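Chains as they are written, first to last, in this note's numbering: chain A, 2 to 228; chain B, 2 to 228. The beta-carbon is built from N, C-alpha and C at its ideal position, and this holds for glycine as well. Remember, it's a predicted structure, so these values are computed and weren't measured experimentally. The structure appears right after this line, and notes come after that.
2 protein chains.
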Amino acid sequence: MDTSPKASDKLRKGNWKQDPDAVKADILRVATEEFATYGLSGGRIDAIAKRSTVSKRMIYYYFGNKEGLYKSVLEGVYAALRESEETLKVGDLEPTEALALLTTTTFDAYAANPEFIRLIAIENIHNAEYLSRSEVIQKLNKTIIDKLADVCDRGKAAGQFRAFADPLELHWTISAFCFYNVSNQATFSASFGDTLHSEQGQVRLRRRLRDIVLGSVVIGYRPENSD
Amino acid sequence: MDTSPKASDKLRKGNWKQDPDAVKADILRVATEEFATYGLSGGRIDAIAKRSTVSKRMIYYYFGNKEGLYKSVLEGVYAALRESEETLKVGDLEPTEALALLTTTTFDAYAANPEFIRLIAIENIHNAEYLSRSEVIQKLNKTIIDKLADVCDRGKAAGQFRAFADPLELHWTISAFCFYNVSNQATFSASFGDTLHSEQGQVRLRRRLRDIVLGSVVIGYRPENSD
DNA sequence: TTTAAAATGTACTGAACGGTTAATTTGTCA
DNA sequence: TGACAAATTAACCGTTCAGTACATTTTAAA
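This is the structure we're talking about:
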């Protein structure tokens, strides 16, 4: 993705080489951490400048202002997650298998991208105003729905899925689980202990989720082996 | 809960009456809005002072500092939600009926308390540090688990629930749905349209959730009438 | 080699904001 | 009633922080 030398390799004083791409990438990397950790209003431009290897001036040079940087961060994590969704080949699997794979893959993808989850959570606090204004993000969500629609169609055609199976509702269901699993880990653990977020706990939840999703649309579905 | 006259009824200049309880309640009311809307770092003490009827000094007088106020707000919304859970009498219902009621009631309670949801989301961004430190909140969560445990026990004893039915897992499942339904409304609508959050959409989701929860633990459960 | 544009650094500014000081009014009770 | 405590105000303070002015260096084109 970025073969140029890291900005951190630059010499500090005197003879430095220009490398705009590395600078931008470095800013975005640090800014993603910062905003995911402290939120939009809590994130500090000075902190980003200090933790990256560039001066604050550069942030404004490339991203205009704080909100511009935040928006770029948002688009960046969205794009990263979409990649992992897009590579998923599901068209030649049995409908039930396909749905199972989509479900568990989403579970893993969300768990592997906590900054994405945190940033989306932050967006929701801001009523999604930046996400709504981003044309880049608008079109990224179609793929997952398309895949689910295909699976639903095939499942119904094969007489395996219930008639009311709906791609949007399915995505909502899956997303709710997978999102909450990451987004609310802190408060849930604080209230009820962290058994569900231990390694085993996560394995069990993942299987539970799959069973729940399949059980909700696959006619006569029986979990093979629960608990 | 508070029968004293609202602080907003006080006369501004000259002859005012002291009413500490009303002042505190007024501050908390406005602060809850403020923090739920803008987050902890985004919320402004000056804004709270201006929108309430008291001066900024009062906030520090009663709550010490910004974090103290935030913590009080958190405890307040938690207590409010717990009340709605506590009044729920579920012990003399059939296990399946009881679980259905617990589920839909949670759905409604979360939907009716968006500030609670937003504040919990904010807490998660802060890694639940204030919630963890609050002794008040720690014990509020037992009731819901106890109720679910009772229902599970009775359901298994009656041979109606699957053996692996687990109160904590059930609560997690229910909470995930109900929480996500409120917390991610903004981004979900922005990405996929607001069909699921229209009035009918919510009715359908609520029924879906009930079917999913019951279907996951009740042996041989069939939704009566789905869409 | 000149030169314009792009890229970067340093030091600063103005406003916002959390928190405080010191004085004033109201309530209580000996 | 007078004195002391509790409640409340208005003005102020120090810091933090987003954003900027201006100088300087690097690159690329002519």
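Among the candidates the options, whose CA atom is the shortest distance from the CA of residue i?
i: residue 107 (chain A); options: A:27, A:163, A:83; result: A:83
i: residue 191 (chain A); options: B:133, B:180, B:205, B:220; result: B:133
i: residue 19 (chain A); options: A:37, A:32, A:31, A:59; result: A:59
i: residue 168 (chain A); options: A:88, A:69, A:103, A:125; result: A:103
i: residue 212 (chain A); options: A:67, A:222, A:204; result: A:222
i: residue 144 (chain B); options: B:155, B:172, B:63; result: B:172
i: residue 119 (chain A); options: A:28, A:40, A:208; result: A:40
i: residue 183 (chain B); options: B:110, B:216, B:128, B:215; result: B:110
i: residue 135 (chain B); options: B:34, B:76, B:125, B:64; result: B:76
i: residue 146 (chain A); options: B:147, B:88, B:193, B:66; result: B:193
i: residue 53 (chain B); options: B:157, B:33, B:99; result: B:33
i: residue 100 (chain A); options: A:112, A:154, A:35; result: A:154
i: residue 139 (chain B); options: A:65, A:188, A:85, A:215; result: A:188
i: residue 29 (chain A); options: A:43, A:42, A:78; result: A:78
i: residue 73 (chain A); options: A:117, A:128, A:196; result: A:117
i: residue 94 (chain A); options: A:127, A:151, A:131, A:38; result: A:151
i: residue 71 (chain B); options: B:141, B:179, B:48, B:131; result: B:131
i: residue 69 (chain B); options: B:85, B:175, B:55, B:46; result: B:46
i: residue 1 (chain B); options: B:201, B:123, B:128, B:208; result: Here chain B covers residues 2 to 228 and nothing more, so residue 1 (chain B) does not appear.
i: residue 216 (chain A); options: A:175, A:127, A:181; result: A:175
Locate the alpha helix (DSSP H) running through residue i, then write down its first and last residues.
i: residue 220 (chain B); result: Taken as a continuous stretch (DSSP letters only), residue 220 (chain B) belongs to no alpha helix (DSSP H), as it is neither H nor E.
i: residue 127 (chain A); result: Where residue 127 (chain A) is concerned, there is no enclosing alpha helix (DSSP H), given that its DSSP letter is neither H nor E.
i: residue 149 (chain B); result: 143-158
i: residue 193 (chain A); result: 186-193
i: residue 19 (chain A); result: Where residue 19 (chain A) is concerned, there is no enclosing alpha helix (DSSP H), given that its DSSP letter is neither H nor E.
i: residue 78 (chain B); result: 67-87
i: residue 137 (chain A); result: 136-139
i: residue 48 (chain A); result: 46-52
i: residue 163 (chain B); result: First-last for residue 163 (chain B): undefined, no H or E at that position.
i: residue 57 (chain B); result: 57-64
i: residue 109 (chain B); result: 96-113
Let me know if residue i comes out buried or exposed under the rule of 16 or more other beta-carbons within 10 Å of its beta-carbon.
i: residue 199 (chain A); result: exposed
i: residue 186 (chain A); result: buried
i: residue 12 (chain A); result: Caution is warranted here: a pLDDT of 38 is assigned to residue 12 (chain A), below 50, making its placement in the model unreliable, and the coordinate value is therefore given only provisionally. Its Cβ having fewer than 16 others within 10 Å, residue 12 (chain A) is exposed.
i: residue 80 (chain A); result: exposed
i: residue 121 (chain B); result: buried
i: residue 204 (chain B); result: exposed
i: residue 177 (chain A); result: buried
i: residue 96 (chain B); result: buried
i: residue 218 (chain A); result: buried
i: residue 51 (chain A); result: exposed
i: residue 220 (chain B); result: exposed
i: residue 125 (chain B); result: buried
i: residue 148 (chain B); result: buried
i: residue 88 (chain A); result: exposed
i: residue 214 (chain A); result: buried
i: residue 113 (chain B); result: exposed
i: residue 210 (chain A); result: buried
i: residue 170 (chain B); result: buried
i: residue 90 (chain A); result: exposed
i: residue 35 (chain B); result: buried
i: residue 156 (chain B); result: buried
i: residue 44 (chain A); result: buried
i: residue 159 (chain A); result: exposed
i: residue 164 (chain A); result: exposed
i: residue 196 (chain A); result: exposed
At a cut-off of 6 Å, would you count residue i as near the ligand FMN, judging by its Cβ distance to the nearest heavy atom?
i: residue 118 (chain B); result: As presented, the structure is devoid of all ligands, the ligand FMN included, so that no description of it is given.
- Message: Closer than 9 Å between beta carbons: that is the criterion. Which residues of the segment 108-124 of chain A meet it against chain B?
- Response: 119, 121, 122, 123, 124
Assess, as a yes-or-no matter, whether the segment 49-68 of chain A is touched by the segment 22-40 of chain A under the definition of 3 or more beta carbon pairs within less than 8 Å. yes
Report task. Return the residues of the segment 126-141 of chain B that lie within a Cβ-Cβ distance of less than 9 Å from chain A, sorted by chain order. Result -> 126, 127, 128, 129, 130, 132, 133, 138, 139, 141
Worksheet entry | Residues of the segment 168-198 of chain B whose Cβ lies closer than 8 Å to any Cβ of chain A, in chain order | 169, 170, 172, 173, 174, 176, 177, 178, 180, 181, 182, 184, 185, 186, 187, 188, 189, 190, 191, 192, 193, 196, 197
key: chain A contacts made by the segment 50-80 of chain B, where a contact means CB separation under 8 Å   = none
Problem set entry | Cβ-based contacts, 9 Å cut-off: residues of the segment 23-44 of chain B near chain A | 37, 38, 39, 40, 41, 42, 43, 44
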